[in-house]
């Protein structure tokens, strides 16, 4: 055996030995240990992107066999070892924050063993020995990598819980790795929600810089960033600086604080890397909308105590929709400081300017039936190119992880998000004669600020984790607090007068000139229009009885304080929201669970207008709502596929606009929404060459116990499909390993645009197709991607006021050097 093979590149091949195994054989995945070797040869994904992800280890001293097994469990390493190689040896264990590679090296430091790389395996051998029988073989598969079928075994954290693998969490959750985000060329969350098997996209990012998805029949626009809300309205969400996207469906009150009845979308940011990386992506997002994205990282000092990660994006041009332009400028930075082996301090900051131009919405005069989507033209905008909706967002965050002892860990985080909005909008109202009137709002004279709202959001969380045993039962006790504070400011003075264009022909491209006689107005001063604070103090215990049975139990005391200064609305309410999850593993590859969880949700507030009509009780604030969920689920690792199934029922109070008098809509809180359903998902490798990502959701969502409007009982909530299914496959040609064929299909059943279910938006299916070619230029990995979305040109209503996107071709070239 060549003993100088420590850094030899190897392809990502899973190999395991069946001989003389330890009592515990862990069939998980390697993520960081060999990442630089694999990436250097086989992929254009960000090199070392996972190599330096630190993990807190708490492995007590014991036999080397025990320590290696606990390391395998904690790290996600598939490990089989000859028993005679470790017989009689002991280890001091491991305590502190390490990468997987550094952790293994430290465990082996006081032994006569070392690891080498040879013949597509990572091997433990005696130092200066060539004995091939003394082998520990580790699979060279990467977390979330294409060669692993984009499967992810680890999650960052789920609210206060930390340390469980995805397959052992008693919640329905899918994880989209950065490799998968790159593969689907997702420049915003829209494409993520289209591909993810448990989400239904209802509002595109370009509409309001706020990608909106439906989870279990509930619209979710608030995004999370590293476990904390990224802003009250979810604006400013990006994908370029994201390492993974964790999508949890279902109630999350104990986990993430109040709200989020349908679920939570958590964006985990990229971290600095131990070795230098440079990556550039040049691409086209449809039409003439080109972009350039740079991703750079590495150590700052020779000892590796300081590291950095920089992401920068420039994007501009007309999209695949004629008359709709999209400009994006984004810069983010992340810095790590390893103060000691047990203390890590992380900083991150970003700034985003996102500007769509030419967007518009549809509405209808009373009694007018919605036209079919095919009678309109989704390939062009019905807005005006001189209107724009600019969102500027700045974020700042600090995170700390401190391993105080072998049994106590402290983690804390603070984040600030500021959003500034300059907004003009176009609303087209279709009339009975087939023409439409257009109202343009928010266009101001030169020299007058067009800024609409300023939003400031502050987040804070802190957790203590304590590990201890009571007899044979292991506990991980977590005590913590989470707080979110949102402040919105608005101008006190006048708004710009509306600009109107009447009796326009739907079949014409009615692009008008910007009026020159716009009258100036006095915007006045800014004032606080609302101040909302949500606080949760929680206590949870992750209890392990044995290898088969475990229990997660916790309770959070949640308080919502909400002031609306503009209309004098105020409430302050506190409630306890418990959670209880029982987990049973009949086989190591199968996990079953039963969960109960409650969630407190901030009550709604009546808007100034609904569908362009003044709301009768504009500004009225309603009391918080309490929802509950029961869920039964199973997760199974079969071969290289992860299958999940979840049966659920959610009971929630109903809020809606009562249109009994169409000219005077009223926002009300009345009745219950009960959503019951079944989710099935699968992700991973079917064969060595075939990857599958897909799932199906059946949803029975209806309104119950309606008093104010009995006719609503039994009706389905707006914009919700009762069935949707998705399948995306990638096939790597056996005779041409560099080439991958891609295809996908999405199906959504009919939805309704009104509460009485009289305005039906039909079912639709979308087909995608593409290719990926990977090669090397001057020893630098290169990936070329091309895909056509909505290949068949399906025409559909994506929500009550917007058409779905037309056939769109996207392509990119990525190089790592």
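Residue numbers (the working numbering): 371 to 1187.
Even for Gly, the Cβ is constructed at its ideal location relative to N, Cα and C.
As the structure is a computational prediction, the values presented were derived from the model and not from experiment.
Top-ranked residue by Cα proximity to residue i, from the options
i: residue 889; options: 882, 875, 879 and 869; result: 869
i: residue 995; options: 1016, 1021, 988 and 1010; result: 1021
i: residue 758; options: 682, 1118 and 884; result: 884
i: residue 677; options: 1182, 853 and 647; result: 647
i: residue 609; options: 621, 1035, 595 and 901; result: 595
i: residue 1011; options: 514, 1077, 583 and 586; result: 514
i: residue 687; options: 725, 668, 1117 and 1088; result: 725
i: residue 692; options: 838, 880, 789 and 803; result: 880
i: residue 1152; options: 1185, 1181 and 1169; result: 1185
i: residue 1093; options: 438, 585 and 444; result: 585
i: residue 1031; options: 1016, 1079, 1015 and 1061; result: 1079
i: residue 746; options: 737, 755 and 732; result: 732
i: residue 834; options: 769, 909 and 805; result: 909
i: residue 976; options: 982, 965 and 992; result: 992
i: residue 708; options: 653, 483, 765 and 771; result: 771
i: residue 742; options: 1181, 1170, 1187 and 484; result: 1170
i: residue 1091; options: 886, 1154 and 1123; result: 1123
i: residue 878; options: 949, 804, 920 and 826; result: 804
i: residue 727; options: 764, 696, 475 and 430; result: 696
i: residue 571; options: 553, 557 and 590; result: 590
Same chain, Cβ closer than 7 Å to residue i, neighbours up to 5 away in sequence not counted
i: residue 1075; result: 1041 and 1042
i: residue 836; result: 777, 778 and 847
i: residue 1176; result: 690, 691, 748, 749, 1160 and 1163
i: residue 614; result: 514, 522, 545, 546, 547, 548 and 638
i: residue 761; result: 579, 605, 606, 724, 789 and 791
i: residue 1081; result: 1126
i: residue 945; result: 928, 970 and 996
Buried or exposed (CB count within 10 angstroms, at least 16 for buried), residue i
i: residue 867; result: exposed
i: residue 1147; result: exposed
i: residue 510; result: Caution applies to residue 510, whose pLDDT of 36 falls short of 50 and renders its modelled position unreliable; the model cannot decide the point.
i: residue 739; result: exposed
i: residue 1103; result: exposed
i: residue 1035; result: buried
i: residue 845; result: exposed
i: residue 775; result: exposed
i: residue 1008; result: exposed
i: residue 1058; result: exposed
i: residue 887; result: exposed
i: residue 415; result: At residue 415, the pLDDT of 31 sits below 50, so the modelled position is not reliable; the number obtained from the coordinates is stated separately. Result: buried.
i: residue 1130; result: exposed
i: residue 531; result: buried
i: residue 475; result: exposed
i: residue 838; result: exposed
Own chain partners of residue i with C-beta closer than 8 Å, once the 5 adjacent residues on each side are dropped
i: residue 534; result: 525, 528 and 912
i: residue 729; result: 576, 577, 694, 751, 753, 757, 759, 795 and 796
i: residue 843; result: 913, 914 and 915
i: residue 882; result: 754 and 871
i: residue 1033; result: 736 and 983
i: residue 1077; result: 1040 and 1041
Whole-angstrom C-beta distance between residue j and residue i, which should lie under 8 Å
i: residue 519; j: residue 1000; result: About 31 Å; that fails the 8 Å criterion.
i: residue 850; j: residue 831; result: 7 Å
i: residue 1024; j: residue 1073; result: 6 Å
i: residue 434; j: residue 469; result: Actually they do not touch by this definition, with Cβ atoms about 20 Å apart.
i: residue 856; j: residue 902; result: 5 Å
i: residue 545; j: residue 616; result: 5 Å
i: residue 623; j: residue 928; result: 7 Å
i: residue 1047; j: residue 1068; result: 6 Å
Cβ-based neighbour list, residue i, same chain, cut-off 6 Å, excluding 5 preceding and 5 following
i: residue 1097; result: 1064 and 1115
i: residue 1044; result: 1021 and 1074
i: residue 1178; result: 656, 690 and 1159
i: residue 541; result: 618
i: residue 744; result: 1165
i: residue 1019; result: 1000 and 1046
i: residue 953; result: 540, 920 and 963
i: residue 680; result: 666 and 703
i: residue 1182; result: 555, 651, 653 and 1155
Near the ligand ADP: residue i beta-carbon under 7 Å from a heavy atom
i: residue 664; result: Ligands are entirely absent from the displayed structure, and the ligand ADP is therefore not among its contents.
Sufficient close CB pairs (3 or more, under 8 Å) joining the segment 636-643 to the segment 952-964: no
Within 8 Å, do at least three Cβ pairs link the segment 559-576 to the segment 939-958? no
Taking 8 Å as the cut-off, does the segment 871-880 touch the segment 816-832 (at least 3 CB pairs, one atom from each stretch)? no
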